[in-house]
């Protein structure tokens, strides 16, 4: 899940006390950090000082309230500090394959609002959840997929026209089959996979090797956070039981390397994650 969930604390620490050494800065140059749009002003000083690459996250409420002129000014400021940008779309209660046409309508609206924002931000790529939940949709995957593709295809075509890739992230999916079918039926060089290793480890019950071997050629991004294997804790890298040595062995074999995004929910967790990643990126 993204860090902008209800009740989530994000980066609570005095900014002037946060500094990164040379190794940590090398890591920061190679990763993006999730940043809910609503917190951007609060952490502006640190972001601009360190030139932190960001994954900008937008909720549905924010998409309704955004002034795209303000977005344009903010993006220009980030660009002046050499901050690379990706975008994460809204996801709460959205379901492109829902049986309810009104839910599909809202989902469609939110996704097209996101494309409007992406046209201004000009990110490397946009990440969205599929909205599939096997607890509810397992028995109707094919019908769910038929409905969902009618929502996704126009969104993808708009992003193609902007030269922006769309990455579909795993959340509740128990195995890579849904993503495989989406990529098979909706073929495009602008469509790929965002492997969230925390979600895979806590929710799927399917080994990382299976996900990797099935979708390796579609991986455009990875979300890096840790947990103990039973819930989505968003712990710093190295604090849980995700096998990051195995993961980075696989990442290093990819060319080009996918976007790597860390997803801390506290500033202290960002610092700890960056230090842990110096083993592979420092």
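Numbering (UniProt numbering), first residue to last: 1 to 282.
A virtual CB, placed ideally from N, CA and C, is assigned to each residue, including glycine.
Since the model is a prediction, treat every value here as computed from it, not as a measurement.
Close beta carbons around residue 130, own chain, < 6 angstroms, minus the five adjacent residues each side: 168
Where do the N-terminal and C-terminal ends of the alpha helix (DSSP H) with residue 57 fall, by residue? Here residue 57 belongs to no alpha helix (DSSP H); instead the beta strand (DSSP E) covers 53-57.
I need the straight-line Cα distance from residue 223 to residue 201, nearest angstrom please. Whole-angstrom Cα-Cα distance: 12 angstroms.
Unbroken stretches of the alpha helix (DSSP H), 4 residues or longer, contained in the segment 180-229: 208-215
Who pairs with residue 46 in a beta bridge, going by DSSP? Beta-bridge annotation (DSSP): residue 46 is not paired with any residue.
Among residues of its own chain, excluding the 5 on either side of residue 270, which ones have a beta-carbon nearer than 6 angstroms to its beta-carbon? 264
For residue 260, which residues does DSSP report across the bridge? 222
Rounded to whole angstroms, what's the CA-CA distance from residue 236 to residue 34? Just pull it up for me. 13 angstroms
Name the DSSP beta bridge partners of residue 279, please? According to DSSP, residue 279 bridges with nothing at all.
Give the secondary structure of residue 107 by DSSP, where H, G and I count as helix, E and B as strand, and everything else as coil. helix
Around the C-beta of residue 6, are 16 or more other C-beta atoms found within 10 angstroms, so that it is buried, or is it exposed? The predicted position of residue 6 is uncertain, since its pLDDT is 33 and thus under 50; a value taken from the coordinates is nonetheless stated next. Around the C-beta of residue 6, fewer than 16 other C-beta atoms lie within 10 Å, and the residue is accordingly described as exposed.
Cutting at 7 angstroms between CB atoms, please list the residues of its own chain near residue 160, excluding the five before and the five after it. 188 and 190
Measure from the C-beta of residue 82 to each C-beta in chain D and report whether the shortest distance is under 7 angstroms. Chain labels in this structure do not include chain D; a single protein chain is all it has.
From residue 206 to residue 138, what does the alpha carbon distance come to, in whole angstroms? 16 angstroms
Cα-Cα separation between residue 46 and residue 239, rounded to whole angstroms: 24 angstroms
Measuring only the C-alpha atoms, how far is residue 272 from residue 153? 39 angstroms
If we ignore side chains and look at the alpha-carbon of each, how far apart do residue 203 and residue 230 end up? 7 angstroms
Looking at the unbroken alpha helix (DSSP H) that takes in residue 77, where does it start and where does it end? 68-80
Give the DSSP-derived three-state secondary structure of residue 62 in the structure shown. helix
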